[in-house]
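Participant: Residue numbers (full-length UniProt numbering): 1 to 359.
Don't be surprised by glycine CBs; every beta carbon is placed ideally from N, CA and C.
Just so you know, these numbers come straight off a predicted model, no measurement behind them.
What follows is a single structure, and I will ask about it in a moment.
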């Protein structure tokens with residue numbers, strides 16, 4: 001209106017006829033602006049209301065496809081397809097001419113809104129299903145070291161085995177060491193045999209067989225002093241072991257002399273029935289060292305134990321003769337002549353008996 005009036009005022013100012021106003025009257029009603037028409041405002045109001053409704057429904061429809069795209073790629077594609085269709089349909093709707101009536105516009109909006117809602121519902125179902133059924137994670141297999149019960153069983157079994165092992169360790173290791181020493185000796189590896197025998201003595205220091213074999217092999221390898229030490233250590237533990245004492249005396253007699261060896265043997269007085277060799281060796285050492293008291297005593301015990309042996313009587317006769325025990329010597333020489341068949345022995349006994357009779 002203001003524009004028309006301004007134009008009229010311009011015409012009046014230019015001096016044009018006023019009846020021109022009558023000519024422009026009909027044009028005023030035909031050419032007025034589109035936004036001054038009432039039905040346009042009504043249509044705009046309906047479009048705004050429909051836009052608000054779509055705007056309120058649109059965020060939930062957009063949120064669900066985003067969640068679905070995070071769970072699986074297939075769900076994202078399913079949700080993206082309806083959105084693309086919806087976006088494609090929007091330009092088409094914008095390009096179509098506006099509906100002539102508000103009822104048609106409202107029907108179009110209501111028809112479009114459920115369609116969008118229906119398209120978005122499958123995506124929501126897919127998301128919920130994906131959330132409800134997560135992928136199973138592989139279970140880690142239990143290890144024996146993570147299970148306290150298994151550890152206790154293993155430790156208890158180990159304890160039981162160790163206890164049983166302790167009870168059998170000495171016997172098993174001793175037997176094994178002796179066998180290995182014998183095998184090494186047969187193979188000619190005497191140094192290895194010495195190592196095994198030393199191990200046997202360390203495991204069972206009171207074992208007579210192990211110590212004797214060790215000392216004997218040491219002596220055979222030329223280690224006489226080491227062999228004496230091994231036997232002396234054994235006698236400190238068991239002074240009544242006659243075999244160790246006899247071996248030590250023999251080694252000492254060879255290395256240090258018969259006197260120290262005789263002193264070692266004098267420290268024990270075993271039973272004659274069990275140790276004839278001990279008395280025989282000690283009597284011999286005593287006679288060689290001119291200890292005739294000791295030799296006479298030892299030979300006398302041997303003769304009493306084995307009276308049919310002429311050698312024991314010869315030992316008694318010689319020891320008594322040196323001690324100038326004439327009666328004892330005569331009787332012993334007579335036993336030699338009665339029992340001995342050895343000519344040199346009989347000649348020696350006859351000569352000494354004749355000499356003693358002359359006294």
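Just checking: is the beta-carbon of residue 329 within a distance shorter than 8 Å of some beta-carbon in chain C?
Facilitator: No chain C appears in the structure shown, which is made up of a single protein chain.
Participant: So the alpha helix (DSSP H) residue 202 belongs to, where does it begin and stop?
Facilitator: Translated into the one-based positions of the chain shown, residue 202 becomes position 202. Unbroken alpha helix (DSSP H) run through residue 202: 190 to 203.
Participant: Ordered along the chain, which non-local residues of its own chain (more than five positions away) have a Cβ less than 6 Å from that of residue 298?
Facilitator: Position 298 of the chain shown, counting from 1, holds the residue named residue 298. The residues are 279, 282, 283.
Participant: Assuming contact is defined by CB atoms lying nearer than 8 Å, are residue 217 and residue 230 in contact in what I supplied?
Facilitator: Locating residue 217 in the chain shown gives position 217, counting from the first residue. Locating residue 230 in the chain shown gives position 230, counting from the first residue. No, Cβ-Cβ distance for residue 217 and residue 230 is not below 8 Å.
Participant: Less than 8 Å between the beta carbons of residue 356 and residue 329, yes or no?
Facilitator: Mapped onto the chain shown, residue 356 falls at position 356. Mapped onto the chain shown, residue 329 falls at position 329. Closer than 8 Å, so yes.
Participant: With a threshold of 7 Å on Cβ separation, who are the neighbours of residue 215 within its own chain once the five nearest residues in sequence on each side are excluded?
Facilitator: As a first step, residue 215 must be located in the chain shown, where it is residue number 215. Hits under 7 Å: 227, 230, 231, 247.
Participant: Kindly indicate which three-state DSSP category residue 307 falls into: helix, strand or coil?
Facilitator: Translated into the one-based positions of the chain shown, residue 307 becomes position 307. In the structure shown, residue 307 sits in coil (DSSP, three-state: anything other than H, G, I, E or B).
Participant: With a 10 Å radius around its C-beta and 16 neighbouring C-beta atoms as the bar for buried, classify residue 285 as buried or exposed.
Facilitator: Along the chain shown, read from residue 1 onward, the residue named residue 285 stands at position 285. Buried: at least 16 other Cβ atoms inside 10 Å.
Participant: When you compare each of 195, 42, 316 to residue 292 by their alpha carbons, which one comes out closest?
Facilitator: Residue numbering aside, residue 292 sits at position 292 when the chain shown is read from its first letter. Among 195, 42, 316, the Cα nearest to that of residue 292 is on 316.
Participant: May I ask which residues mark the beginning and end of the alpha helix (DSSP H) holding residue 213?
Facilitator: Counting from one through the chain shown, the residue named residue 213 turns up at place 213. That run of the alpha helix (DSSP H) goes 208 to 220.
Participant: What three-state label does DSSP hand residue 182 in the structure shown?
Facilitator: Locating residue 182 in the chain shown gives position 182, counting from the first residue. Note: residue 182 maps to helix in three-state DSSP.
Participant: Excluding the five sequence neighbours on either side, which residues of its own chain have a C-beta within less than 6 Å of the C-beta of residue 200, listed in chain order?
Facilitator: On the chain shown, residue 200 is found 200 positions in, with the first residue counted as 1. Here the set comprises 174, 177, 178, 210.
Participant: Report back the beta-carbon spacing between residue 288 and residue 254 to the nearest angstrom; my notes put them in contact at under 8 Å.
Facilitator: Counted from its first residue, the chain shown places residue 288 at position 288. Counted from its first residue, the chain shown places residue 254 at position 254. Residue 288 to residue 254, Cβ: 13 Å. No contact.
Participant: Taking 7 Å as the line, does the beta carbon of residue 48 fall inside it for any heavy atom of the ligand NAP?
Facilitator: Among the components modelled here there is no ligand, and therefore nothing to report on the ligand NAP.
Participant: Considering Cα atoms alone, identify which of 305, 300, 307, 304 is closest to residue 318.
Facilitator: Within the chain shown, the letter at position 318 stands for residue 318. It is 300.
Participant: Nearest-angstrom Cα distance between residue 39 and residue 46?
Facilitator: As a working note, residue 39 is residue 39 in the chain shown. As a working note, residue 46 is residue 46 in the chain shown. Each residue's Cα considered, the two are about 11 Å apart.
Participant: Do residue 294 and residue 339 come within 8 Å of each other at the CB atom, strictly closer than that value?
Facilitator: Taking the first residue of the chain shown as 1, we reach residue 339 at position 339. Taking the first residue of the chain shown as 1, we reach residue 294 at position 294. Cβ atoms of residue 339 and residue 294: not closer than 8 Å.
Participant: Figure out for me which residue from 263, 208, 196, 311 has the closest Cα to the Cα of residue 233.
Facilitator: Locating residue 233 in the chain shown gives position 233, counting from the first residue. Closest by alpha carbon: 208.
Participant: Pick from 222, 344, 263, 335: whose alpha carbon is nearest that of residue 190?
Facilitator: Looking up residue 190 in the chain shown gives position 190. Considering only alpha carbons, the answer is 222.
Participant: Tell me the DSSP secondary structure of residue 260 in three-state form.
Facilitator: Here residue 260 refers to the residue found at position 260 when the chain shown is read from its first residue. Residue 260 falls in the helix class under three-state DSSP.
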